[in-house]
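Novice: Each residue of the sequence shown is one higher than the last, beginning at 1 in UniProt numbering.
Here it is, the structure, as C-alpha cells.
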Amino acid sequence: MENRVCSTESVNGSCDVWSCQKSAAASADHLVIMVHGILGSNADWKFGAEQFVRTLPDKVFVHCSEKNMFRLTLDGVDVMGERLAEEVLEVIQRKQNLRKISFVAHSVGGLVARYAIGRLYRPPKKENVADSTDGTNEDDIKATIGGLEPMNFITVATPHLGSRGNKQVPFLFGVTAFEKAARLLIHWIFKRTGRHLFLTDDDEGNAPLLKRMIEDYGDCFFMSALCIFKRRVAYSNVGYDHIVGWRTSSIRRNYELPKWEDNMNKEYPHIVYEERCKARDAEQSELISTEDDGSDKLEEELVAGLSRVSWEKVDVSFHASRQRFAAHSVIQVKDEMMHMEGADVIRHMIDHFLLQTFVGPEDVVANRLLFIKIVLEVYISGEPVREIMWDPLNGHNTWRSMDVYFKPEEVRACIVTCGGLCPGLNTVIDKSFGIDTAVEEAQRATNAAHVEVESEENGVGIVNLTGRYSEGTGQEYVAQNMHAVDEGDASGNRLLLDVGLWLTQKVKDHFTKVKKMEIDMKYIDPTYMIRAIPSNASDNISCTLLAQSAVHGAMGRYTGFTVGPVNSIRAYIPISVSTSSSQYVYMRASPMAKTI
C-alpha cells in the first residue's frame, strides 16, 4: 500500500509534509528544508516534498520554506538567507525529535541556503574528543547546523558562480553586448538580488557577496558550514535552461564541462552524466590557469573557492523532451501537470539521499555494499542470519568501503562480522605480492635506474613507485591540457591520466627551459612487474598468519576490524581508525629506506 502523505499550511504559507502513519511520523528525525527560487513559492516543491515522504516515511519530515516568497525574493541573497535561518530555527524548536538536517534548493534558493547555513553553523563545543570524558554528549563534540547533524546539501540549477560571464544566462545567447547591458540593467528588474547575481554589489566597499560566501566572513561561517555536510550535490541542466547556464550550476570551468551522451538508463532517463569531484586545496587550484579558458578572475576565484570541498555533480538533459524549453522548472517538477518529465531527477535525488558518499576509487564498492546491506535487512527479517564473514584482501580504499558497510547502530536483521586484512595483498592476481616482495622488486628497478644514469652525461633517472595510474595518484597535479580527454573504460569508470608521463615532461621542461641544459632521462615504471611477481617465503608466511588472525577475531565475536602488525605484533585495528585520516609514506621507514 502506498504511503499516504499529510501536509499542513500555516497562516504565513509555510508547508510541512510528513507521513500519515503515526508510527512512521514519530520516528522521522531527519528535517529536509526545501527552498524555492526567484519569484517562487513553497508550492514549487510540492511534488518533490510528497515524493520524499512517500519514499522515506519513517525517515524525513519536510518543510517547504515560505518566508521569501514571490517579490520578497528580490530583497537580496543575504536578507533572504537571514529569513531562512530564522525559519529553520523555528521549525527545529517546534519539532523537538529532529536529529538530522538536509537542504534541497532550486535556482537562487541554493545561494540563499548557502547563506543560511553560514548563519546556522554551530562550532563544536569541545576542542577534541579527549575532552568528552566529562560526560559531555558526543553531539557537542561535532559542529552542527542549528544543533542538528548536517547530512545532504543539494542544489538544483543554482547559479553558484553568479550570472555574470559568457553564457551564464543562456537567453542572452552569449552575445557580449547583451551580457554587458544586463549587468547594467538587471537591478531595475531583480533589485538587490540582481546585483548579487551579477556580482555588481559593493555594500560599504565590500567584495561581492558571492565572493564573500566562499570564505568564513565575520560571524557567517559559510565554508565551515558547507564542509560539515556529508554530501554536497549539484544538479544542473546541460542545455535548454535559459535562466541558469550549465557552467555556473555545475561549478565547472569551460574545459571541465564533460562530453555526454543520451542515457539508456530507464530508471533515470534524463540523467546523462555523474561525476564525483574531490576537494582541491588552494595550492592545487593555483596550478590551474584561466588564460585559455575565457573565464574572468572573479569567476575563477568562485570556482576555486567552492572546489575546496568535494561535490557530486549530476548533469541532466531534457533535449528530447517536449518540455525542454522549460528545463529550469522541469528539473524541479515545479508543476505536476506541466513538468512531470523531471520526476526521474527527483527519484534519483531520493534514491541517493541516505547513501553516505566518498570520493575515490572505493565509491562504487561502498555504495554497492550499502545496497547489499539494506537488502539483507529487508529480506531476512523472518530468519535473521547469525553471522556473515566477509574478508576483502585489499588496500585502503576497501577499508573505507568496509567502514561504510559496518555501521553497528544500523544493523537490525542480521549480525555481521566484518573483518579484513592489511594492504599489500591483491585479490586480482592468484600469487600476489607482499610488502617484502614489492620492496625487493622496487630495489631492482632503482638499481637499474642508477646504473643507467651513472653511464650517461647529465643523466636523470625517474622510478615511478606510485602504482598504476588507474589508482588515481597525482591526478590533481596533471597539467590542464591533459584533462581534455574524458573517456571511460569497459566498466564505465573514468579513464585517468598517467602522472608519470606528466612528471617526466615537467622535469624535462625544468632542465631545458629553466636550467638551459640538455639531459638524458631514463624513466622506469616497474608497477606491473611488482604486481605479477609471486610472493616470497616471508610474505607467504605473513599472509597466512594475518588470515588466521582475521578468522580468530571473527570467531571471538570481534567485528569492524582489520588485522595488521603493530610494533611487530599482529593486532586488531578498528576500521574507523585506519580510515580516519590520510595515509602518508614515511621516507625513513624500513621499506622505503631499502628501496632508495
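Glycine included, every Cβ here is placed at the ideal spot set by N, Cα and C.
Hey, is the segment 267 to 279 in contact with the segment 337 to 352, meaning 3+ C-beta pairs nearer than 8 Å?
Specialist: Taking 8 Å as the limit for Cβ pairs, the verdict is that the segment 337 to 352 does touch the segment 267 to 279.
Novice: Measure how close the beta-carbons of E274 and V309 come, nearest whole angstrom, since I'm counting them as under 8 Å.
Specialist: Not really, about 18 Å apart at Cβ, beyond 8 Å.
Novice: With C-beta atoms as the reference, is V156 less than 8 Å away from A225?
Specialist: No, the pair does not count as a contact, with Cβ atoms beyond the cut-off.
Novice: Among the residues of its own chain, which have a CB less than 6 Å from the CB of D521, if the five just before and after it don't count?
Specialist: Reading the sequence as shown, one finds Met at residue 521 and not Asp. V460.
Novice: Leaving aside the five residues before and after A26 along the sequence, list all residues of the same chain whose C-beta is less than 8 Å from its C-beta, in chain order.
Specialist: Hits under 8 Å: N97.
Novice: Curious, which full-length alpha helix (DSSP H) runs of at least 4 residues does the segment 20 to 44 contain?
Specialist: The segment 20 to 44 contains these whole alpha helix (DSSP H) runs: 22 to 27.
Novice: Report the rounded CA-to-CA distance for I569 versus L465, giving the unit in angstroms.
Specialist: Near 27 Å, if we compare the C-alpha coordinates of L465 and I569.
Novice: Am I right that R114 and M213 are in contact with their C-beta atoms under 8 Å? What's the rounded C-beta distance?
Specialist: Their Cβ separation, rounded to whole angstroms, is 6 Å, which keeps R114 and M213 in contact under 8 Å.
Novice: Evaluate contact between the segment 159 to 169 and the segment 239 to 249, counting only Cβ atoms and requiring at least three cross-stretch pairs below 8 Å.
Specialist: Touching, yes, given that three or more Cβ pairs across the two stretches are closer than 8 Å.
Novice: Output the boundary residues of the beta strand (DSSP E) element that contains M521.
Specialist: Element bounds for M521: D520 to I524.
Novice: Just verifying my parser: in three-state terms, what is the DSSP assignment at A537?
Specialist: In the structure shown, A537 sits in a helix (DSSP, three-state: H, G or I).
Novice: I'd like to check one pair, R192 with residue 597: are the Cβ atoms closer than 8 Å?
Specialist: What the structure shows of the chain is the stretch from 1 to 596, and residue 597 is not part of that stretch, so it cannot be assessed.
Novice: D344 to G147, Cα distance in whole Å?
Specialist: Roughly 32 Å between the two C-alpha positions.
Novice: So, helix, strand or coil for L111, using DSSP?
Specialist: In the structure shown, L111 sits in a helix (DSSP, three-state: H, G or I).
Novice: Can you find the residues in the same chain that come closer than 8 Å, C-beta to C-beta, to R122, ignoring five residues on each side of it along the sequence?
Specialist: The answer, listed in chain order, is A143, T144, I145, G146 and G147.
Novice: Should G37 be labelled buried (16 or more other beta-carbon atoms within 10 Å of its own) or exposed?
Specialist: The residue is buried, with at least 16 neighbouring Cβ atoms inside 10 Å.
Novice: At what residues does the alpha helix (DSSP H) containing A207 begin and finish?
Specialist: Element bounds for A207: n/a, residue is neither H nor E.
Novice: Could you work out which residue in D29, T8 and H63 is closest to V35 when comparing CA atoms only?
Specialist: The candidate whose alpha carbon is nearest that of V35 is H63.
Novice: Any idea which residues DSSP pairs L148 with across the strands?
Specialist: Its beta-bridge partners are I145.
Novice: Short check: CB of T446 to CB of S535, under 8 Å?
Specialist: Not in contact: T446 and S535 (Cβ atoms no closer than 8 Å).
Novice: Spell out the partners DSSP gives F222 in its beta bridges.
Specialist: Bridge partners of F222: none, in fact.
Novice: On the premise that L74 lies in contact with L199, defined as a C-beta separation below 8 Å, what is that separation, rounded to the nearest angstrom?
Specialist: Their Cβ separation, rounded to whole angstroms, is 17 Å, which puts L199 and L74 out of contact at 8 Å.
Novice: For F70 and L354, what's the separation of their Cα atoms in angstroms?
Specialist: Their Cα atoms are separated by approximately 32 Å.
Novice: Please confirm whether V333 and G40 have their CB atoms less than 8 Å apart.
Specialist: No, the Cβ-Cβ distance between V333 and G40 is not below 8 Å.
Novice: How big is the Cα-Cα spacing for L257 and Q505?
Specialist: Roughly 26 Å between the two C-alpha positions.
Novice: Could you tell me the distance, in whole angstroms, from the CA atom of K516 to the CA atom of F153?
Specialist: For K516 and F153, the distance between alpha carbons rounds to 51 Å.
Novice: What is the DSSP secondary structure of V460, reduced to helix, strand or coil?
Specialist: Reduced to three states, the DSSP call for V460 is strand.
Novice: Would you verify that the beta carbon of G162 is, or is not, closer than 8 Å to some beta carbon of chain D?
Specialist: The structure shown contains no chain D, having only a single protein chain.
Novice: On the criterion of 16 or more Cβ atoms from any shown chain inside 10 Å, does V577 qualify as buried, or is it exposed?
Specialist: Per the 10 Å Cβ criterion, exposed.
Novice: Hey, would you say residue 630 sits closer than 8 Å to V244, going by beta carbons?
Specialist: With the chain represented from 1 up to 596, any question about residue 630 goes unanswered, as that position is not in the structure.
Novice: Sort out for me which residues DSSP pairs A105 with in a bridge.
Specialist: Its beta-bridge partners are V35 and T155.
Novice: How many Å lie between E261 and E452 at the Cα?
Specialist: The straight-line gap from Cα to Cα measures roughly 47 Å.
Novice: Are the beta-carbon atoms belonging to I530 and A442 less than 8 Å from one another?
Specialist: Contact flag set, yes.
Novice: Going by DSSP, name the residue or residues bridged to R236.
Specialist: Here the sequence assigns Ser to residue 236, which means Arg is not the residue at that position. Paired residue(s): D315.
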